[in-house]
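Inspection log for the structure reproduced underneath, given as structure tokens.
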Amino acid sequence: MAAGDRVIHVLDPGPQSTVQDLGRAGHLRQGIPPSGPVDVRAFVIANRLVGNPDDAAGLECTVLGPRFTAERVCAIAVTGAEAAVTVNAAAAPQWATLVLKPGDTVRVGAARTGVRTYVAFSGGLDVPRVLGSRATYLRGRLGGLQGRALRRGDALRLAPHTGPRRPRRLTAAEIPALEAEPEIRVVLGPQADRFTREGLEAFLSSPYLMLPQSDRMGARLSGARVAHHRGHDIISDGIALGSIQVPGDGQPIVLLVDRQSTGGYTKVATVGSFDIGRVGQVKPGQRLRFRAVEVAEAHRLRSEFQQSLAQAAGGGVSR
Amino acid sequence: MALCVELGDEISVEINTRVRALEYLIQQKGLTGVVETVPTFRSLLVYYDPGQVGYDALCAALGGLAEQADTAVLPPARLVELPCCYDPELGLDLVAAAERLGMTTAELVAAHSGAEYLVYFVGFTPGLPYMAGVPERIQLPRLTTPRVKVPAGSVGLGGAQFCIYSVESPGGYWLLGRTPARLYDPEAAEPTLLRAGDRVRMRPIDRAEYDAIAARVAERAWQPVIG
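Note that the protein sequences, when read in sequence, are chains V and S.
First residue of the first sequence: 3, per my numbering; consecutive thereafter.
First residue of the second sequence: 12, per my numbering; consecutive thereafter.
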């Protein structure tokens, strides 16, 4: 069968499975967010396990994964949140290359720990690039599969696979741990001076509960009030990845990959890019804590994260 | 990583011009390590790669450029004329707004369409222009209860600000009318219509012309007048 035929048939899409690659940079000034995976590390490792370049398009699945059939031989890998994976009803490992035969049916179950699972396909999902990326931005109906989540009956094409075909499986030590109450590193500002001392202390010392309204735009949290002393509105300014907005109710919102580009609420701090994936894997009902670091420390943590990512799953595949 | 350059704490043409000039200078000089920029009323958010430029070095470079950032550096602004149908069926608050202001709907429409508006920046949702410069005599505080759904193309007033909703979204502005122009079209090669620094004028049209233009927009056979 020729490359480029429709080879993945979606039997059940799951509540929100979207096509993502590493996202579209450069369009926030038009109000268009980068999108891409919330948990970049899990996404990149999935691609490496099937011999893809890091930015090949795969699926991000929220809470419950899809069920699909492969029409021809291909390799897949499932990473991210911990979920039961089966191939033709037999249990299959996560963080491993799975080679599928024609007619094989894969099911990615409900996330037991974590929120988002990633499925990479050898060659990558072949959807058109929009503004330079295949990532789906649901609110803007942009990219991916006509800007929408997967539906039952969708047929997906795979791009020709040119990378290595060496099945492998991560050791337990190589699999990123999902903690019960992760400590998330933040840099205070840009409006930390708009909060009371008690408010800032509460922010840095109390646990915050993840709320079910959280999505790819923002993680909504509930906990000790981060109190303002000069009102909660500012003249709108830009919202960085990881910006923590605090509206009048004193409850923080961590803004993620599908965020609004600008906003008018005070921002108490910014989560380092290296900890975004950890925020995105905290389940509703689970808690996280914040710890403040200086800019220099944040840069060091970022470079550490990038080095460890560069080596993960045997390193990146050159194109 | 990102840092926010604040050039003031008010909505003014002067401060916003400096923000846009700073962004333009960064683009022109190709500042090392800068990945992407987001202008707003009074600040510029600068995304950077700390692998390429350190925080202190970037702050110093931005400080130097900020000193040169004034009107003189910017290219000439575009003037965009957008048709707008001020019909109570499309401008759901037109009648109530005129009543509250103590004027006729015709007077309100004349005042709104008689002014020229600066696009301070585009943001929040794709292609949504933040504009100010609404004549004082037609300024109203925002609605006490925001609408859950405002249709795309709705033209709204809130204080001195004026916006055109680019996608269907919640909103708290007084809706005066609707433009058939698409400010955001995910299928177009260039999905957003307006840019920071554009000047915008609204041209009043009747319902028949609105419908005619909307039909051409749907076929992608219509573009606004841009001078």
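By construction, the Cβ of each residue, glycine as well, lies at the ideal position given by its N, Cα and C atoms.
Keep in mind that this is a model prediction, so the values were computed, not measured.
Asked	Found
What residues in its chain sit with their C-beta under 7 Å from that of V/A204, if we drop five residues either side in the sequence?	A226, R227 and V228
With distances taken Cα to Cα, identify the nearest neighbour of S/V91 among S/V228, S/R214, S/Y221 and S/A229.	S/R214
I'd like to know whether the C-beta atoms of S/I237 and S/R89 end up nearer to each other than 8 Å.	yes
Give the secondary structure of V/F276 by DSSP, where H, G and I count as helix, E and B as strand, and everything else as coil.	helix
For V/S320, does the three-state DSSP call read helix, strand or coil?	Caution is warranted here: a pLDDT of 49 is assigned to V/S320, below 50, making its placement in the model unreliable, and no coordinate value can be reported.
Quick one, which residues of the stretch 63-78 of chain S are near chain V if we go by CB-CB under 7 Å, in chain order?	Y66
State the start and end residues of the unbroken alpha helix (DSSP H) segment that holds V/Q309.	V297 to Q313
Using the Cα positions of S/L18 and V/A112, report the straight-line distance between them to the nearest angstrom.	48 Å
For S/A232, count neighbouring Cβ atoms within 10 angstroms of its own Cβ and tell me buried if that reaches 16, exposed if not.	exposed
Counting contacts by CB-CB distance shorter than 8 Å, is V/R31 in contact with chain S?	yes
Does the stretch 198-210 of chain S touch the stretch 178-189 of chain S, meaning 3 or more C-beta pairs lie closer than 8 Å?	no
Taking its Cβ as the centre, do 16 or more other Cβ atoms sit within 10 Å of V/S1, making it buried, or is it exposed?	As displayed, chain V neither begins before 3 nor continues past 321, which places residue 1 of chain V out of reach and without an answer.
Do you know how far the Cα of S/L33 is from the Cα of V/Q313?	38 Å
Taking just the CA atoms, how far does V/G60 sit from V/G322?	A question about residue 322 of chain V goes unanswered here, because the residues of chain V that appear run from 3 up to 321.
I think V/C2 touches V/V9, with their Cβ atoms under 8 Å apart; what is that distance to the nearest whole Å?	In the structure as shown, chain V starts at 3 and stops at 321, and residue 2 of chain V therefore has no counterpart that could be examined.
In or out: S/H123 buried (at least 16 other Cβ within 10 Å) or exposed?	buried
With a 10 Å radius around its C-beta and 16 neighbouring C-beta atoms as the bar for buried, classify V/G38 as buried or exposed.	buried
Out of curiosity, what's the CA-to-CA distance linking V/A179 and V/I34?	32 Å
Between S/T116 and the rest of its own chain, which residues show a CB-CB distance below 8 Å, the 5 nearest in sequence each way excluded?	Y97, P99, L105, V106 and A109
At 3 residues or longer, and completely inside the stretch 51-77 of chain V: list those beta strand (DSSP E) runs for me, N to C.	60-64 and 69-72
Please report how far the alpha carbon of V/Q32 lies from the alpha carbon of S/Y195, in whole angstroms.	10 Å
Locate the beta strand (DSSP E) running through V/P123, then write down its first and last residues.	Pro is not the amino acid found at residue 123 of chain V; the sequence shown has Phe there. First-last of the beta strand (DSSP E) with V/F123: T107 to F123.
Could you have a look at V/I246 and say whether DSSP puts it in helix, strand or coil?	strand
Establish whether the CB of V/G149 and some CB of chain S are separated by less than 8 Å.	yes
Which stretch, first to last residue, makes up the alpha helix (DSSP H) that contains V/G201?	R199 to S207
Quick one: what does DSSP say S/E25 is sitting in, helix, strand or coil?	helix
May I have the straight-line CA-CA distance separating V/D156 from V/G282, to the nearest angstrom?	27 Å
The stretch 46-60 of chain S: which residues have C-beta closer than 9 Å to a C-beta of chain V, in chain order?	V46, E47, T48, V49, P50, T51, F52, R53, S54, L55, L56, V57 and Y58
Anything in the stretch 24-37 of chain S with a Cβ closer than 9 Å to a Cβ of chain V? List those residues in chain order, please.	E34
Tell whether a beta-carbon distance below 8 Å holds between S/V161 and S/C95.	no
Beta carbon of V/S238, beta carbon of V/T272: below 8 Å?	no
What are the boundary residues of the beta strand (DSSP E) that includes V/H11?	R8 to D14
So that I know if they touch, is there some Cβ in chain S lying closer than 8 Å to that of V/P254?	no
Would you report the Cα separation of V/F276 and S/Y221, rounded to the nearest angstrom?	49 Å
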